[in-house]
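Asks:
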Amino acid sequence: MIPNRALALVLALTLTGPVLSREAEPPMTLQRLADIIVAIDPEARVSGAGFFELTLSDVPVMVVTDPAADRMRAMVPIRSAEGLDPADLLRMMQANFDSALDARYAVAQGRLWGVFIHPLSPLEKEQFLSGLAQTISVAQTYGSLYSGGSVVFGSGDSNGIYQKLLEDLLKRGEDI
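Everything in the sequence shown is counted per this note's numbering, starting at -14 for the first residue and increasing by one.
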């Protein structure tokens, strides 16, 4: 069960598959982005300077825009970057290649973040919603699956890691 109706809406919109006859969307603007954000979280805090704060599935999300540079960044804080060991960093880099999807693990300002970065004007509503869902997922699965969703890019390392985990679980459950 998804505890937040807004995240359920985000997931429903992103999991419906491609639309065969879609009309072209207008360019993404700060106002349009604000409308989308408020629609998925009516309690979102919107700053006129292109900064938004919202909560989805009890996860705080910040969206920062720079219209002059035509960029948008959705960010979820995960933990302090202090104490990240080489194995953590390697696993996150593997996930960035094959299982984080459009979200990424990143380190900035002494923190580990889940981020989705995209040019602002060509950003479509479904891309934004999917990016939010993936960013929340990488934060929630940090330390376990390191996943932006259910899809894994085939030639990376994560499939083998998941397979090993599955084999271990199956082995543990053999006597049950």
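The beta carbon of each residue, even a glycine, is placed where N, CA and C say it ideally should be.
Count the other CB atoms, across all protein chains shown, that sit within 10 Å of the CB of L97; report buried if there are 16 or more and exposed otherwise.
Replies: Looking at its Cβ environment, which holds 16 or more other Cβ atoms inside 10 Å, L97 is buried.
Asks: Could you tell me which uninterrupted beta strand (DSSP E) segments, each at least 3 residues in length, are contained entirely in the region 57 to 118, listed from first to last along the chain?
Replies: Segments of the beta strand (DSSP E) lying fully in the region 57 to 118: 89 to 93 and 96 to 104.
Asks: Closer than 8 Å, CB to CB, is S132 near chain B or not?
Replies: Looking for chain B here will not work: only one protein chain is present.
Asks: Along the alpha helix (DSSP H) that carries L39, what are the first and last residues, could you check?
Replies: Not the alpha helix (DSSP H): L39 falls in the beta strand (DSSP E), residues F36 to L41.
Asks: Helix, strand or coil: which one does DSSP assign to A53?
Replies: In the structure shown, A53 sits in coil (DSSP, three-state: anything other than H, G, I, E or B).
Asks: Distance check for V123 and V23, CA to CA, integer angstroms please.
Replies: About 23 Å.
Asks: Hey, is the region 104 to 114 in contact with the region 8 to 22, meaning 3+ C-beta pairs nearer than 8 Å?
Replies: They touch, by the three-pair rule.
Asks: Roughly how many whole angstroms lie between the Cα atoms of I102 and S42?
Replies: Spanning the two alpha carbons is a distance of roughly 20 Å.
Asks: Can you give me the C-alpha to C-alpha distance between T120 and R89, rounded to a whole angstrom?
Replies: So the two alpha carbons sit approximately 7 Å from each other.
Asks: Around the C-beta of T50, are 16 or more other C-beta atoms found within 10 angstroms, so that it is buried, or is it exposed?
Replies: It is buried - the Cβ of T50 has at least 16 other Cβ atoms within 10 Å.
Asks: Between the alpha carbons of G133 and T40, how many angstroms are there, rounded?
Replies: Whole-angstrom Cα-Cα distance: 18 Å.
Asks: How about Q16: is its Cβ closer than 7 Å to a heavy atom in the ligand ADP?
Replies: As presented, the structure is devoid of all ligands, the ligand ADP included, so that no description of it is given.
Asks: Quick check on S132: does DSSP put it in helix, strand or coil?
Replies: Here S132 sits in coil by DSSP.
Asks: Short of 6 Å in beta carbon distance, which residues of its chain neighbour M174, apart from the five on each side in sequence? Order them along the chain.
Replies: Summary: the structure shown does not reach residue 174, with the chain confined to residues -14 through 161, and so no result is reported for it.
Asks: Taking the straight line between their C-alpha atoms, what separation do you get for L15 and P104?
Replies: Their Cα atoms are separated by approximately 12 Å.
Asks: Short check: CB of Y131 to CB of A85, under 8 Å?
Replies: Taking 8 Å as the Cβ cut-off, Y131 and A85 qualify as a contacting pair.
Asks: Can you give the Cα-Cα distance for F82 and G99, rounded to whole angstroms?
Replies: Distance between the alpha carbons of F82 and G99: 14 Å.
Asks: Grab the span of the alpha helix (DSSP H) containing A19 for me, first residue to last.
Replies: Looking at the DSSP string, the run of the alpha helix (DSSP H) that includes A19 is L15 to I25.
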